[in-house]
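Chemist:
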Amino acid sequence: MRVADVHVRYALARREALAGVSFAVEPGELVAVTGPHGSGKTTLAYLLMGLLPHAFRAEVRGVVEVAGLDPVREGPGGLAGVVGLTLQNPYNQITGARDTVYDEVAFGLENLGLPREEIARRVEEALSRFGLARLSERNPFSLSGGEAQRLAIASVWALAPRVLVLDEPTSQLDPRGAREVMAAVAEARRNDVAIVLVEHRAEWIAASADRVLVLDGGRPAAYGPARSVYRDPGLADLARPLPAVARIAEALTGTRALDDEEALALLRPFAGAGAGAGAARRPGEVPPPAADRPPRVEFEGVTFGYVPGTAVFESFSLALGGPGVTALVGENGGGKSTLLRLLLGLLRPQSGRVLVCGEDAARRSPAELARQVAVAFQNPDDQLFLPKALAEAAYGARNLGRAKGEAEAEALSAMEALGIAAHRDRHPYDLGFGERKLLTVAAAVAMRTPVVVLDEPTMAQDGPSLARLRALCRRLAEEGRLVVLTSHDVEFVADVADRVVVLAAGEVVCDGTPDEVFGSDEALARAGLAPTAASRLARALGWRERPAKAACFVERARAWHDRSVGGGTA
Amino acid sequence: MRPPSLYVPGSTPVHRADPVTKGVWAASLTLAGFLVPDWRGLALLFLLNAAVLARAGVLRRVAGLVLASALLVVTFFVAQGLTHAGSGEVAFRAAGLPFYREGLVFALTLAFRLWNTILAMGVLVLTTRPQDLVAALLMRGFPPRAGYAVASVVQLLPTVWAAVAAVLDAQRSRGVETDGGLGRRLRALLPMLGPLVMASLTAAQERAVALEVRGFSRKGPRTVFRPVADMPGALAVRSLGLALFAASAAWRAVL
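These protein sequence lines are chains B and L, in that order.
Mapping the first sequence onto my numbering, position 370 (from 1) lands on 403, and the numbers just tick up by one.
Mapping the second sequence onto my numbering, position 217 (from 1) lands on 197, and the numbers just tick up by one.
#1: Closest by CA to alanine 403(B), which one among Thr482(B), Arg457(B) and Val340(B)?
#2: Cutting at 7 Å between CB atoms, please list the residues of its own chain near methionine 224(L), excluding the five before and the five after it.
#3: Taking leucine 170(L) as the query, report the chain B residues whose CB atoms sit under 8 Å from its CB, ordered along the chain.
#4: Can you give the Cα-Cα distance for tryptophan 190(B) and glycine 117(B), rounded to whole angstroms?
#5: Roughly how many angstroms separate the alpha carbons of valine 222(B) and arginine 264(B), rounded to a whole number?
#6: Starting from the C-beta of alanine 131(L), find all residues in its chain whose C-beta is less than 8 Å away, skip the five residues before and the five after it, and write them out in chain order.
#7: Tell me the DSSP secondary structure of threonine 75(B) in three-state form.
#8: Would you call histidine 460(B) buried or exposed, if buried means 16 or more other Cβ atoms sit within 10 Å of its Cβ?
#9: Which residues in chain L sit within 8 Å of isoleucine 152(B), going by Cβ to Cβ distance?
#10: Are there 16 or more other CB atoms within 10 angstroms of the CB of tryptophan 141(L), so buried, or fewer, so exposed?
#11: Under 8 Å Cβ-Cβ, which residues of chain B neighbour methionine 178(L)?
#12: So if I threshold CB-CB distances at 7 Å, which residues from the segment 130 to 153 of chain L count as touching chain B?
#13: If you measure from the beta carbon of glutamine 126(B) to each beta carbon in chain L, is any gap under 8 Å?
#14: Mind checking threonine 371(B): buried by the 16 CB within 10 Å criterion, or exposed?
#15: Indicate whether at least one CB of chain L lies closer than 8 Å to the CB of phenylalanine 337(B).
#16: Sort out for me which residues DSSP pairs histidine 40(B) with in a bridge.
#17: Please report the straight-line C-alpha distance between serine 597(B) and glycine 305(B), rounded to a whole angstrom.
#18: Starting from the C-beta of arginine 314(B), find all residues in its chain whose C-beta is less than 6 Å away, skip the five residues before and the five after it, and write them out in chain order.
#19: Quick one: Cα of arginine 106(B) to Cα of alanine 88(B), how far?
#20: Tell me, please, whether the CB atom of alanine 100(B) is closer than 8 Å to any CB atom in chain L?
#21: In whole angstroms, what separates the C-alpha of leucine 84(L) from that of glutamine 60(L)?
#22: Among residues of its own chain, excluding the 5 on either side of proline 604(B), which ones have a beta-carbon nearer than 8 Å to its beta-carbon?
#23: Which one of Gly334(B), Leu361(B) and Ala255(B) has the shortest CA to CA distance from valine 387(B)?
#24: Tell me, please, whether the CB atom of methionine 492(B) is closer than 8 Å to any CB atom in chain L?
#25: Around the Cβ of phenylalanine 525(B), are there at least 16 other Cβ atoms within 10 angstroms (buried) or fewer (exposed)?
#26: Could you tell me whether the Cβ of aspartate 21(B) comes closer than 8 Å to any Cβ of chain L?
#27: Using the beta-carbon of each residue, which ones in chain L are nearer than 9 Å to arginine 149(B)?
#28: Measure the C-alpha to C-alpha separation of glycine 221(L) and serine 228(L) and round it to an integer number of angstroms.
#29: May I have a chain-ordered list of the beta strand (DSSP E) segments no shorter than 3 residues that lie completely inside the segment 510 to 564 of chain B?
#30: Excluding sequence positions up to five away, which residues of its chain have a Cβ less than 8 Å from the Cβ of valine 408(B)?
#31: With a threshold of 8 Å between beta-carbons, can threonine 182(L) be considered close to chain B, or not?
#32: Give the straight-line distance between the Cα atoms of serine 553(B) and glycine 545(B), rounded to the nearest whole angstrom.
#33: Give a yes or no on whether 8 Å exceeds the smallest Cβ distance from tyrosine 428(B) to chain L.
#34: Any beta-carbon of chain L closer than 8 Å to the one on alanine 44(B)?
#35: Given this structure, state the Cα-to-Cα distance separating leucine 112(B) from glycine 178(B), to the nearest angstrom.
#36: So is glutamine 111(L) in contact with chain B if we call contact Cβ pairs under 8 Å?
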């Protein structure tokens, strides 16, 4: 597949969505495409699939060649079976044409007019290859996110494409689902399929990509082998955040390592930093907030289940409180979403009670509870409806009775903190998914409630946005507010949270500081979580205590080094 | 999410019958019901359909639908009994009001037509997988896009309901009161409908891309992966249905 000096301009758009992009992918290679929001990544994916200008009106210039075909001329129909594309939302890729997983995979092959025996052979091969054989009679809409995304990949895989284009296939999945999908991608690659992976997660790109194309405002900012791109100091924040191992190794040795093995080779001299407990053992570590200080959220003996006889929570008790950031982590199905809905008064416990700032949530309507607790749900599109971003961000505050000027000032302040203030007059649906997500966070913050709930705020966020989110959460904590967030991004959680509560099967399996939680192999295993890079490296270096944050790891190692040098033992 | 299909899985001979035969039966007996002029003839059609449904083991399911129509049927009897005087023969009086015999008989006829339609369509809908129905139609030259429209309605409706619930939760948590007086409910309408429409458009756009990727717009022959063969004796059953329809039409013409 070859792309040479391609320019794309959508109908009615002022600037080009892609400008002078060139790259190539050989069979069995994986090229990652990354860059900030609005940099043209999805446009590139649509272009390769022949959707431009056939499905979306756009002017295309330059050379695009996929397996000898020109996608611009062929259109998606002509490329079916040559190029496969999957998108972010796994459920929107289920066609709705068939009612079993087996038949959903067969659907594309029916459209190609293949003989029935060949269809059956290909379907069974694809289901087996992507671990879906045991689910073959299930309804596609009953699958988990990871299973549905694997079904999307299997469905295009069965068409025997020579190129797979994957647009952030793991951005809406939990760690287990993401691992399943990436295993499927590796399998496709082993079978000589050329892969274009649009992805934000630097750790995965560094670990799996042959080359990286970094886009910025539609223009290529960097292109080359992953290691050289991530080691380029001139790349500013475009491909950030760097993998945590790279940040740690660079801070301590001046060299960016891109995987654990490289990092350990560089960091071996710091093995002694974890030998004892010194004064600098946890520099920068904030003690967990005191749960008895306001604002408080208390779950008292809560029992709840969606289906009679099957309780999600049984006599569940948990107190969250004090200004600070508390992260709820765990696999999908562990009870996080149910817990948040109980907190928001959207679900009523069958027994026990939920107290939010002293008020029994069951005695208040969710709209009344909104004075105490604001929320940014996982899917921003469930709430956006106003024609301007600023009005949308101020909408919740206006519902609480604030004057328009006051609500908009608060909303604008939150938008500035998240780096989206420039979009204040744009229609929310003209923004990318990640920016819409930030807009809902700004809307929740602008309500100025004692408790702020952020459901997966890191979803589809680039490096600069993650940094702003982290800073905003810390600012809210300093203002005396309780931030309760859920996230599958363990590095973000370790960086931002004062307290981490691990939920699995409706129970708290671990509750403590990020160091305590990410240092507990048992808790991580029960919740299907991976340790942070700092925790992994500390363990591999034999440190007695394992810091969760990359910054803490670095400070501890530096402090040990400085003491050692001062004492003449280094 | 479970699709809202009325299909009741089973392996009875009625389930195994091909969708076209069941479609011919359902259409013939429904139309026959509108042609038969006498409630006794309708009662026979009713019993015939009930027997087929009982053989399929879905009679209880359809009984629920018949009961659900009770309010409508009561309305037939009250309205027709009071207003359709015919020859003027009063069957009985209630609260001093006369209920005419002819009106009540006409109401009974209407009720049987309604129930007969429910039962006849039940034979098709309750015992046929929507996928099999679409496959059978495609094999007879039904356009693929129309086939997709039929199949996807059943599959995608639950996703719309899930979206409604998600939008409701999100807006209530932003201080939008959705319960209470008419004014409050009207104010909640735009925050509810806006995201729902936008989410539906986004989903439709992405699903259209997914369909394109699977070659849905490709020109050329397609394969029906699960062909639906005619049942043994299909011709006889279809002929019986059509004969009942013809007999009903003749009865109507004679009277």
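Here a beta-carbon is modelled for each residue, glycine too, at the ideal position from N, C-alpha and C.
Keep in mind it's a predicted model, so treat the numbers as computed, not measured.
Modeler: So, from the listed chains and residues:
#1: Of all alpha-carbon atoms in Thr482(B), Arg457(B) and Val340(B), the one lying nearest the alpha-carbon of alanine 403(B) is that of Thr482(B).
#2: A quick correction: the sequence has leucine, not methionine, at residue 224(L). Correct list, in chain order: Ser8, Leu9 and Ala12.
#3: Contacts between leucine 170(L) and chain B, judged by CB atoms closer than 8 Å, involve Phe418 in chain order.
#4: Across the structure, tryptophan 190(B) and glycine 117(B) are spaced so that their CA atoms are roughly 7 Å apart.
#5: According to the sequence displayed, residue 222(B) carries arginine and not valine. A direct Cα-Cα distance of roughly 25 Å separates arginine 222(B) from arginine 264(B).
#6: Here alanine 131(L) has Pro110, Gln111 and Val114 as same chain residues with Cβ atoms under 8 Å from its own Cβ, once five neighbours each way along the sequence are excluded.
#7: Assignment of threonine 75(B) by DSSP, reduced to helix, strand and coil, places it in the helix class.
#8: Flag for histidine 460(B) reads exposed.
#9: Near isoleucine 152(B) (Cβ distances below 8 Å), the residues of chain L are Thr203 and Phe205.
#10: So tryptophan 141(L) counts as exposed.
#11: Result: Asp414, Leu417, Phe418 and Tyr462.
#12: So the close ones are Ala131, Ser132, Gln135, Leu136, Pro138, Thr139, Ala146, Val147, Asp149, Ala150, Gln151, Arg152 and Ser153.
#13: Answer yes: the Cβ-Cβ gap between glutamine 126(B) and chain L drops below 8 Å somewhere.
#14: Buried, because 16 or more other Cβ atoms sit within 10 Å of the Cβ of threonine 371(B).
#15: So, not an interface residue.
#16: Its beta-bridge partners are Ala52(B) and Arg94(B).
#17: Distance between the alpha carbons of serine 597(B) and glycine 305(B): 10 Å.
#18: Annotation note: pLDDT 38 at arginine 314(B) (below 50); position unreliable, no value reported.
#19: Straight through space, the alpha carbons of alanine 88(B) and arginine 106(B) are spaced by roughly 12 Å.
#20: By this cut-off, alanine 100(B) is not an interface position.
#21: Leucine 84(L) and glutamine 60(L) have their C-alpha atoms some 6 Å from each other.
#22: Given a span of 34 to 603 for chain B in the structure shown, any question on residue 604(B) remains unanswerable.
#23: Out of Gly334(B), Leu361(B) and Ala255(B), Gly334(B) has the C-alpha closest to the C-alpha of valine 387(B).
#24: With a threshold of 8 Å between beta carbons, methionine 492(B) makes no contact with chain L.
#25: Buried, because 16 or more other Cβ atoms sit within 10 Å of the Cβ of phenylalanine 525(B).
#26: Given that chain B is displayed from residue 34 to residue 603, the structure contains no residue 21(B) and the question cannot be resolved.
#27: Chain L residues near arginine 149(B): Thr203, Val204, Phe205, Arg206 and Pro207.
#28: Answer to the nearest angstrom: the Cα atoms are 11 Å apart.
#29: Complete beta strand (DSSP E) runs here, min 3: 515 to 519, 532 to 537 and 540 to 545.
#30: Same-chain partners within the cutoff: Leu373, Leu377, Ala477, Val485, Val486, Leu487 and Asp488.
#31: Yes, threonine 182(L) lies at the interface with chain B (some Cβ there is under 8 Å from its Cβ).
#32: For serine 553(B) and glycine 545(B), the distance between alpha carbons rounds to 10 Å.
#33: Output row for tyrosine 428(B): interface = yes.
#34: Chain L contact via Cβ: absent.
#35: Roughly 27 Å separates the two Cα atoms.
#36: Interface with chain B (8 Å Cβ-Cβ cutoff): glutamine 111(L) is included.
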